[in-house]
Structures are given as structure tokens and as C-alpha cells.
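*Asks:* Note that the numbering used here has the sequence shown beginning at 164, numbered continuously upward.
Where is the CB? At the ideal position from N, CA and C, for every residue including glycine.
Just so we're clear, the structure is a prediction, and the values are computed from it rather than from any experiment.
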Amino acid sequence: MKIPELVASSTVAIDAYTGEAAATGRFAADYRAWALATPKYGQPTMRPDPPHPANWQDPRVGWGLILPEPPGLTAEQLAGAGDAPEPVQALVAARHGKVLRYRAGAKFADWTLRDYGGSGDLLTAASPLGSGPRELPKYLLIYAAPVDVPWHVQFALNPVRCAGRLDLVGDALANYVTALMGGWPDAGAAYSSPVVWAVNHGAGDITALMRDSVASPIFTALSADKEMTSATFVDGSSQIATMAALCDALAANRPALVVTSSHGMTGPLTDVDAMRGSLGLLVDQTHGAISPNDLLAHWQPDGAIWFAQACCSAGADSPSAYAGLFEPGTLLDETLTAITKVGAMTSPLPRALLGAAKPLRAFIGHVEPTFDWTLSFPPNRQLLTSDLITVIYTRLCSGQPVGMALSAYYPAIGSLLQGYVAARTNYNATIGAAAKQSLDMLVYSRVTSHDRASTVILGDPTAAIPLPESRSNPGQRVTSPLPPGE
164 MKIPELVASS
174 TVAIDAYTGE
184 AAATGRFAAD
194 YRAWALATPK
204 YGQPTMRPDP
214 PHPANWQDPR
224 VGWGLILPEP
234 PGLTAEQLAG
244 AGDAPEPVQA
254 LVAARHGKVL
264 RYRAGAKFAD
274 WTLRDYGGSG
284 DLLTAASPLG
294 SGPRELPKYL
304 LIYAAPVDVP
314 WHVQFALNPV
324 RCAGRLDLVG
334 DALANYVTAL
344 MGGWPDAGAA
354 YSSPVVWAVN
364 HGAGDITALM
374 RDSVASPIFT
384 ALSADKEMTS
394 ATFVDGSSQI
404 ATMAALCDAL
414 AANRPALVVT
424 SSHGMTGPLT
434 DVDAMRGSLG
444 LLVDQTHGAI
454 SPNDLLAHWQ
464 PDGAIWFAQA
474 CCSAGADSPS
484 AYAGLFEPGT
494 LLDETLTAIT
504 KVGAMTSPLP
514 RALLGAAKPL
524 RAFIGHVEPT
534 FDWTLSFPPN
544 RQLLTSDLIT
554 VIYTRLCSGQ
564 PVGMALSAYY
574 PAIGSLLQGY
584 VAARTNYNAT
594 IGAAAKQSLD
604 MLVYSRVTSH
614 DRASTVILGD
624 PTAAIPLPES
634 RSNPGQRVTS
644 PLPPGE
């Protein structure tokens, strides 16, 4: 390229008119000082950059721990995690996490999170974001069984924070926390080979809808990714989706992402103890429940993340959110009644996977069931699962922390609850048969909003799938800016 020569005697014109003439002139005899001065274009201003929502180490974002509040401890003791198991204490110390205490029956609400270290109770929906006094961190790990910190706390936090739950003790807890703190060093889970497994019992069974609305669209997105060259679909529409087929796919692919859709085990209805031991286990195409022990005998999670579309895959609650909705004596009503008898609990499959020798990073599942008409809108059969595809592929597979990824699933709750309020207003203002439409919309809005809120994370919400190293192709993915070791 030819470089222009600056000649001092040359005339230079600019596009300015003084009112009398167009402005022209000549270069200064010595223009070196101007040429060598550092340009100031794009220099950073004094105002700080906004925090990256994935960076939980930034105190403006923050990570915190929610614990029960046992009797007999002082305020100073409750401000720390000294009553928690040693691995949890070590995690809080390493992360400089804020410790919050769940308190039932608070003065201004049914429950609150007390910040003993920051002197106050936090109103979760509107609390300022961060780790400072009277602030509520974006990422929150509940270390408690649902009988000690109820599910409804996690449901309420889901739309406004990134919440996860850990319900492990002993070696299982130590396995998980050690892996979490170390960032799953040398994990063998491969980004390139996700596994999708979908049971399909045919038309008329909800598994066909789950396969078509959840599993298949997610696999379509995964298989189109040029870095997921070994994506595998065990598709119950074209083969028998058995436990053996799932185990073989997991062992062969060692996936970083597992997606399953199936019924969740909720029986035997007359044996509460047996039901607790099998609650939410995935039911394969031969109607066999997949045993966590058998699964782990063939494969170790080793840093994978698992999404399970199945009844009670994450756990059960008591009383049921749907009590009184269905006709007494029907199998559906009897099933929900039996589930409530097991009490509030996390399910055995995620507990086994999260506490394995080479543990799972996180598990996404449901508390209680999902209904067919929350997957598709009954009047026109429009599928309502696009947000799940966004969560699982667009966000989770782009390296976002699982809590941040799943946050895309919750905004619809606000709109659904607004629909509930509007339908209730219309119902109260309508008389006779004309009120049925508003009543039906009341039911639909309430059920679908609860279905979304009760989709939960088990494990730490900061866990993220590690991405392949970025390559020269600018069209390929790049790693999200996450803190070191995550």
C-alpha cells in the first residue's frame, strides 16, 4: 500500500465553511509531537464495568449458603457455618460465602432468610444483589433436606436468584464438595458426545409428547452443533429405550450432558417405605425402574450435568400443590395422595449421582409431576417447551453456570401469575356457566406457573459444563468468562 506523503507546502481542505470561505490550510512544519501522542479514543472511563452475571466471585454478584436455624446457637454462631459438616464449612471458607438462615414464621412473611452477619432479614424478591450487608447473593446453595428448608423456599427463589440444593451427608457430601472446589479436575465427561434418552410408549401416553416436545428438539439442537460430533439419541420411537441402552450409551460416550424423558417411578402406592426408595427413578420402555446402583456400576458421572423430564425426578413435596384438583378415586388422585405420604424429600437418583465417587456437577429435575397440558397448550396443541431448549442448549452448552442457564425458564412464571390474577378477577365478576372459561384459565395458569417454579437444581448453581478450547473458526463457540476452576 502506498503511504501518502505529507508535504508542508501542500494545501489541506476540511469540510467546514466559515461563512466567508471554505477552510483550508497547511500541515505544521514539525508534526511529530502530534503524531506520537497516544490517541485517547476508547480509553476506559472512571465508572466501573457492570458485573458479569456468571462471575459469582465478584461480590456484586456473590455466592451464599442457606442453612436451617437450629435452636441453641448464638447469633454469632448462626452468622457462620460452624454447625454444618466439615466439607460445607470448607466450601464456605474457600468461597468467602455469605451464610443465611432459613426462618419459618417471620413477622412480615411466612418465612425469611436471616443474615446474622449483615444484621437483618432479607426480602428475597426485592433484595439488592450482592454479598454485602443486607444484600442477597445471586447464587445460593441450600444445604438441607426439604423437611428442614422446604421446597417452597427454592421455588420462590428460582425466579429472582440462581438456587440449588444439596442433600448429601458423609462420603457422598465429601465427594461432591471436593470435586466442586477443585473444579472437577481431570473430569472425563466429553462436550462432544451428549446423550439423549427418551422413552415412548406410543400415542395416548404422555411419554410420546415428552419425547416430541422435549427430548427430540433438544437433540436436534445438539446434533447440529459442529463440536458435538458424537451426539447420541436413544430414541424410543425407533428402538426400545431400555436401562441397558442408556447404560451402554453413557459408558460409550462419557457425556458432559445427559437429557432423559420418561415416566418417574411413584410406586408401589401402598408401600410408603418402598416408594421412598424408588421415588422418581426413571422408568424405561419395559416399565422397569432404573437403579442408581446399576447405573453407577456401568458409568461414573465424572462432571456431567443431567436433565431428567420425569415425575418426581428431583423429589416430592407434602402436601401436594395439586391437592383437591383431581377427582377422588382416580389413579391420578391416588398417585398424588400416595406421593404426599412419603413426605418432602429429594429423590434417590440425583442423590446417588451427586454423591458418586466421580460425581455429577448438577441435576435438573421436577418436584411432583409435569402434566401433558403444561407441555402443550390444550386448545391448539402449541408446544410450550422452547424455553427448555434455550436453557439446555443455548445457555448451558455455552458454558453458563447451571443456575444462570435455568434462569431463562422462570420469567414466564410472572406472566402466568398475571394471567391467574386476571382470570380470578373475571371469574369473580361473572355469573353462571359463563364463569367456567375464567375458572379453567385459573387452573391452567396456576398449574403451569407451579410446574415451572418446581423445576429445580440439585447441586451447586455455579457448576458449568466445560467447553472445548476455542479454535480459529470465528463461528465456533467461545468459553464464557467464568471464575478460575469453575
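Can you list, in chain order, the residues of its chain whose CB lies under 8 Å from that of Pro291, leaving out five sequence neighbours each side?
*Replies:* Arg297, Glu298 and Leu299, listed in sequence order.
*Asks:* Shortest alpha-carbon distance to Thr395 belongs to which of Trp360, Ala289 and Gly427?
*Replies:* Ranking the options by Cα distance to Thr395, first place goes to Trp360.
*Asks:* Looking only at its chain, what residues have a beta carbon closer than 6 Å to the beta carbon of Trp347, apart from the 5 residues adjacent to it on each side?
*Replies:* For Trp347, where only same-chain residues beyond five positions count, the Cβ hits under 6 Å are Gly466.
*Asks:* Is the Cβ-Cβ distance between Gly566 and Tyr302 less than 8 Å?
*Replies:* Yes, the Cβ-Cβ distance between Gly566 and Tyr302 is below 8 Å.
*Asks:* Is Val391 helix, strand or coil when you go by DSSP?
*Replies:* Residue identity check: residue 391 is Met in the sequence provided, not Val. Coil at Met391, not helix or strand.
*Asks:* Can the beta-carbon of Asp334 be found less than 8 Å from the beta-carbon of Thr509?
*Replies:* Cβ distance not < 8 Å, so Asp334 and Thr509 don't count as in contact.
*Asks:* Under three-state DSSP, which class holds Arg223?
*Replies:* Looking at Arg223 - three-state DSSP - the assignment turns out to be coil, as it is neither helix nor strand.
*Asks:* To the nearest angstrom, report how far apart Thr392 and Phe526 are at their CA atoms.
*Replies:* Their backbone Cα atoms lie some 24 Å apart in a straight line.
*Asks:* Please report the distance separating the alpha-carbon of Ala253 from that of Phe540.
*Replies:* Near 47 Å, if we compare the C-alpha coordinates of Phe540 and Ala253.
*Asks:* Give me the Cα-Cα distance between Ala352 and Arg417, rounded to the nearest whole angstrom.
*Replies:* In a straight line, the C-alpha of Ala352 is about 5 Å away from that of Arg417.
*Asks:* List, from N- to C-terminal side, the alpha helix (DSSP H) runs of 4 residues or more that fit wholly inside the segment 528-596.
*Replies:* DSSP runs (the alpha helix (DSSP H)) wholly in the segment 528-596: 535-538, 549-552, 565-569 and 575-591.
*Asks:* By Cβ distance below 6 Å, which residues in the same chain neighbour Pro380 in space, the five residues on each side in sequence not counted?
*Replies:* Excluding positions up to five away in sequence, the list reads Ile552.
*Asks:* What three-state label does DSSP hand Pro624 in the structure shown?
*Replies:* Note: Pro624 maps to coil in three-state DSSP.
*Asks:* So, Pro313 versus Ala507, is the Cβ gap smaller than 8 Å?
*Replies:* Result yes, Cβ atoms of Pro313 and Ala507 sit closer than 8 Å.
*Asks:* For the segment 613-631 and the segment 567-582, state whether three or more C-beta atom pairs, one from each stretch, are separated by less than 8 Å.
*Replies:* As far as the Cβ criterion goes, the segment 613-631 touches the segment 567-582, which means the pair count is three or higher.
*Asks:* Which ranges does the alpha helix (DSSP H) cover as unbroken runs of at least 4 residues, wholly within the segment 328-399, from first to last along the chain?
*Replies:* The qualifying runs are 333-345, 369-373 and 379-386.
*Asks:* Tyr306 by DSSP, collapsed to three states: which one?
*Replies:* Three-state DSSP puts Tyr306 in a strand.
*Asks:* For Gly440, which three-state DSSP category applies?
*Replies:* The answer is helix: DSSP assigns Gly440 an H, G or I state.
*Asks:* Would you mind reading off the limits of the beta strand (DSSP E) that contains Ile468?
*Replies:* That run of the beta strand (DSSP E) goes Ile468 to Gln472.
*Asks:* Could you compute how far the alpha carbon of Ala597 sits from the alpha carbon of Ile305?
*Replies:* The alpha-carbon atoms of Ala597 and Ile305 are separated by roughly 45 Å.
*Asks:* Quick check: the Cα distance between Lys504 and Val435, rounded to an integer number of angstroms?
*Replies:* Whole-angstrom Cα-Cα distance: 7 Å.
*Asks:* Could you check the C-alpha separation between Met428 and Asp246 for me, to the nearest Å?
*Replies:* Cα to Cα, Met428 sits roughly 35 Å from Asp246.
*Asks:* What does a CB cutoff of less than 8 Å around Ile453 pick up in its chain, not counting 5 residues either side in sequence?
*Replies:* Answer for Ile453: Met406, Leu409, Leu444, Leu445, Val446, Asp447 and Leu512, listed in chain order.
*Asks:* In three-state DSSP terms, what is Ala519?
*Replies:* It is coil, neither helix nor strand.
*Asks:* Compute the Euclidean distance between the alpha carbons of Ala586 and Pro322, then round it to the nearest angstrom.
*Replies:* Ala586 and Pro322: Cα-Cα distance of roughly 22 Å.
*Asks:* If you draw a straight line from the C-alpha of Ala412 to the C-alpha of Pro455, how long is it?
*Replies:* Their Cα atoms are separated by approximately 15 Å.
*Asks:* Take Pro216 as the anchor and find which of His315, Arg558, Ser355 and Phe318 has the nearest alpha-carbon.
*Replies:* It is Arg558.
*Asks:* Can you tell me whether Val332 is buried or exposed? The criterion is at least 16 other CB atoms within 10 Å of its CB, across all chains shown.
*Replies:* By the 10 Å Cβ count, Val332 comes out exposed.
*Asks:* Using alpha carbons as the reference points, say which of Gly225, Pro309, Leu276 and Ala257 lies closest to Ala294.
*Replies:* The amino acid at residue 294 is misidentified as Ala; the sequence shows Ser. Among Gly225, Pro309, Leu276 and Ala257, the Cα nearest to that of Ser294 is on Gly225.
*Asks:* In or out: Glu531 buried (at least 16 other Cβ within 10 Å) or exposed?
*Replies:* Glu531 comes out buried.
*Asks:* Inspect the beta-carbon positions of Leu579 and Leu372 and report whether they are closer than 8 Å.
*Replies:* Cβ atoms of Leu579 and Leu372: not closer than 8 Å.
*Asks:* How long is the line joining the alpha carbons of Ile502 and Ser481, rounded to whole angstroms?
*Replies:* If you take the alpha carbons of Ile502 and Ser481, they lie about 8 Å apart.
*Asks:* Once you ignore the five residues that flank Ala519 on each side, which residues in its own chain have a CB closer than 7 Å to its CB?
*Replies:* Closer than 7 Å at Cβ, skipping near neighbours: Asn338, Leu459, Gln463 and Pro464.
*Asks:* Could you tell me the distance, in whole angstroms, from the CA atom of Val175 to the CA atom of Phe190?
*Replies:* Cα to Cα, Val175 sits roughly 8 Å from Phe190.
*Asks:* Just to confirm before moving on: does the CB-CB distance between Tyr279 and Ala242 stay below 8 Å?
*Replies:* A contact, by the Cβ cut-off of 8 Å.
*Asks:* Tell me the DSSP secondary structure of Ser265 in three-state form.
*Replies:* Residue 265 is actually Tyr in this sequence, not Ser. Correct three-state label for Tyr265: strand.
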